[in-house]
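Right, one structure below, let's go through it.
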Amino acid sequence: MLLTRAQMQHVEQETFARGITADVLMEGVGAKLARFVMQFFPRPGLLVCYAGKGHNAGDAFVAARHLSAAGWRVLVRTPFSRDEFAPLTRDKFDLLRAAVLTSPFRPSTPQDGPLVQLDALVGLGARGELQHPLASLAVEMNTLRREADAKTVAVDFPSGLDPETGVPGEPCVEADFTATAGFAKTGLVADAAINHTGRLGVLDSPDFIKPDHGNHAELLTAPLLRKAWPPRLYDTNKGMCGRVMLMAGSRGTLGAAHLCCAGAVKGGAGLVSLAALPDDYELLATTMLPEVMVRPFTHLTDALALPVDAMAIGPGLGTAHAARTLRVVREAACPSVIDADALTIIAHAGLKHLDSVKGPRLLTPHPGEMQRLLAGKQIGDRAKTAEEFAARHPVTLLLKGSRTVIAEKGRALRYNTTGNPGMATGGMGDVLTGICAALLGQGADTYWAASIGAWVSGRAAEIAVTRGGASVESLTPTDVLSHLGRAFESLRAGDF
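Structure follows, in structure tokens:
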């Protein structure tokens, strides 16, 4: 659920009215904030708290206290004296016992461990653009991020960003991560906000009352997703985990088939088959993963006669067999992922082909493919575009991007939270298609397969960077595949 500023303030008031104290909330949020930081920075380093004087700073001080106990060095950068802090914030500051910086922070070189900045300059009640002296601290944080490799974690929302509209002021903190308390705020998912919010996480708490109002759109979180993905029964066999048929790859684009198949295998499918036409069979059969059965077909439509639980159609497939590809898209009775070249074929042939499909369909376009589906129309607002498309056609739409959006008629719009800029490279979508097909084969519907698939693929990319030695520049689809197991474990653990 996404809340406006006023709605979140109402939630806090109702929570206090039911006997929960601000101190209890602050301790709970601060402890989760510390856990959030440690998830992405497992090695202790230097934490600098950029603090205002309100309760937002109190949350940061609680987190800093927990991080200090875990081996982090902590400094506080604030323009305010202790006596200017709100009373509860002052109490948390006193418990922290950290040194206070009264002049601009200058890191030593080389830095031992990560340098992390907590942005806790303003809280939800702040309005308008940042003013001196807080504006200069926002600029200081942004400078350290660019010049000293500091990573910025915004507490609740980045200072200078309108929490309702997502419009950044001048200046506005550029956060790598935003950990928002209780419920996500509407502005955090706005297209205009993304380069200021970075990776989103929700610091949920059972102490907050659940509102009966608000935007029913959702952020994808592990606690939400694991409810729909229970552990496997001990007597599970491969026949219970789905027979998945992939139509991917052709001469010149064999890599797409490999990555898609690997995604299906690593995504948990019981049996994975790859459809191969005569011209491509030898190349595919001799280079494919040993876990994949390469099936020779005279025509792609031959696969319609086989008993399969899920299909994926399109990655690297080419457009030479457009008519038969369209027929498979329309006539396959099983749930199917439609991606890449299959989307291009549909865009050229007309969206009417989506309106007569015989089984559930999950479309996974990147922005360029989405624009083709819209006949060249500019996407504009991504969430609105996805919702309108899903309202017109009987499909689930996963619109890929740095904040992937999932839409289906009659169900809550969803925003993915995981991933990093390293995923902006060829082949990531092929992996996602394979994962989603595997999830369909295991019984997830298209809406949940899209949700879980987007989350775990993004989480695998994060783990590859935080724990696997990759960087956002070096990250590859193979890295994502290698860390997919840990991503599923992270989902089951309820990580951020």
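In my numbering, the protein residues as written are 6 to 501. Virtual Cβ for every residue (Gly too), placed ideally from N, Cα, C.
* Could you check the C-alpha separation between Ile584 and Gly432 for me, to the nearest Å? => Because residue 584 is not part of the residues shown, which for the chain are 6 to 501, the question remains open.
* Nearest-angstrom beta carbon gap, Leu129 and Gln18 [assumed within contact, 8 Å] -> About 12 Å; that fails the 8 Å criterion.
* Thr157 - DSSP class collapsed to helix/strand/coil -> In the three-state reduction of the DSSP assignment, Thr157 falls in the strand class.
* Asked: Would the segment 218-225 and the segment 241-250 be scored as touching if the rule is three or more Cβ pairs under 8 Å?
  -> In short, these stretches do not touch, since the Cβ pair count stays below three.
* To do: Mind checking which residues open and close the beta strand (DSSP E) that includes Cys441?
  => Where Cys441 is concerned, there is no enclosing beta strand (DSSP E), although the alpha helix (DSSP H) it sits in stretches over 433-446.
* Asked: Hey, quick one: how far does the beta strand (DSSP E) through Leu404 stretch, first residue to last?
  -> That run of the beta strand (DSSP E) goes 401-404.
* **Cβ pair Ala4, Lys414 closer than 7 Å** => Since the first and last residues shown for the chain are 6 and 501, residue 4 lies out of range.
* Thr185 - partner residues in DSSP beta bridges -> Under DSSP, the beta-bridge partners assigned to Thr185 are Val207.
* Grab the span of the alpha helix (DSSP H) containing Tyr286 for me, first residue to last. => 283-292 is the extent of the alpha helix (DSSP H) around Tyr286.
* To do: Pull up the CB-CB distance for Pro370 and Asp450, whole angstroms please, since I reckon it's below 8 Å.
  => Wrong, their Cβ atoms sit about 19 Å apart, outside the cutoff.
* Does DSSP put Gln18 in a helix, a strand or coil? -> Three-state result, Gln18: helix.
* To do: Could you give the DSSP three-state label for Asp344: helix, strand or coil?
  => Asp344 sits in coil when the DSSP states are folded into three classes, being neither helix nor strand.
* Asked: Since Val172 contacts Ala197 with CB under 8 Å, what's their CB separation in whole angstroms?
  -> Approximately 6 Å separates the beta-carbon atoms of Val172 and Ala197; this is inside 8 Å, confirming the contact.
* To do: Classify Asp88 as helix, strand or coil using the three-state DSSP reduction.
  => Of the three classes helix, strand and coil, the one that applies to Asp88 here is helix, per DSSP.
* How is the beta strand (DSSP E) around Met6 delimited, first residue to last? -> Here Met6 belongs to no beta strand (DSSP E), and DSSP marks it neither H nor E.
* Asked: What residues match up with Pro301 in a beta bridge as DSSP calls it?
  -> Beta-bridge pairing links Pro301 to Ala281.
* In chain order, each beta strand (DSSP E) run of at least 3 residues that lies wholly inside the segment 89-154 -> Complete beta strand (DSSP E) runs here, min 3: 104-106, 120-125.
* To do: Note down the Cα distance separating Val410 from Asp88, rounded to an integer number of angstroms.
  => For Val410 and Asp88, the gap between their C-alpha atoms comes out near 45 Å.
* Sheet register partners of Leu52 (DSSP bridge) -> DSSP lists Val79, Val121 as partners of Leu52.
* **Three-way DSSP call (helix, strand, coil) for Pro173 in this model** => In the structure shown, the three-state DSSP call for Pro173 is strand.
* In terms of DSSP beta bridges, what is Glu223 paired with? -> Bridge partners of Glu223: Arg419.
* Asked: Based on the DSSP output, what are the partners of Leu489 in its beta bridges?
  -> According to DSSP, residue pairing for Leu489 in a beta bridge does not occur.
* **At least 3 beta-carbon pairs within less than 8 Å: the segment 469-486 vs the segment 422-429** => Counting C-beta pairs closer than 8 Å gives three or more between the segment 469-486 and the segment 422-429, which meets the contact rule.
* According to DSSP, is Lys190 helix, strand or coil? -> Collapsing the DSSP output to three states places Lys190 in a strand.
* Asked: In whole angstroms, what separates the C-alpha of Glu494 from that of Met43?
  -> If you take the alpha carbons of Glu494 and Met43, they lie about 17 Å apart.
* To do: Can you tell me which of the three DSSP states Arg256 falls into?
  => Residue state, collapsed to three classes: coil.
* Compute the beta-carbon to beta-carbon distance between Arg82 and Leu106, rounded to the nearest angstrom, for a pair I have assumed lies under 8 Å. => Contact between Arg82 and Leu106 holds, with the beta-carbon distance rounding to 5 Å and staying under 8 Å.
* Length of the line joining the Cα atoms of Val299 and Leu282 -> For Val299 and Leu282, the distance between alpha carbons rounds to 10 Å.
* Using three-state DSSP, classify Leu378 as helix, strand or coil. => Here DSSP, grouped into helix, strand and coil, assigns Leu378 to helix.
* Quick one, are the C-beta atoms of Pro119 and Ala153 less than 7 Å apart? -> If you check the CB distance, Pro119 and Ala153 do not come in under 7 Å.
* **Three CB pairs or more closer than 8 Å across the segment 179-187 and the segment 195-214** => The answer is yes - the segment 195-214 touches the segment 179-187, with three or more Cβ pairs under 8 Å.
* With a threshold of 16 other CB atoms inside 10 Å of the CB of Ala454, please say whether the residue is buried or exposed. => Buried, because 16 or more other Cβ atoms sit within 10 Å of the Cβ of Ala454.
* Asked: Whose C-beta lies closer than 7 Å to the C-beta of Glu296 among residues of the same chain, with five residues either side of it excluded?
  -> Hits under 7 Å: Val270, Val277.
* To do: Identify whether Ala36 lies in helix, strand or coil by the three-state DSSP scheme.
  => If DSSP states are grouped into helix, strand and coil, Ala36 belongs with the helices.
* Would the segment 335-345 and the segment 434-452 be scored as touching if the rule is three or more Cβ pairs under 8 Å? -> Enough Cβ pairs lie closer than 8 Å, so yes.
* I think Ala337 touches Leu305, with their Cβ atoms under 8 Å apart; what is that distance to the nearest whole Å? -> That belief does not hold up - the Cβ atoms of Ala337 and Leu305 are roughly 10 Å apart, past 8 Å.
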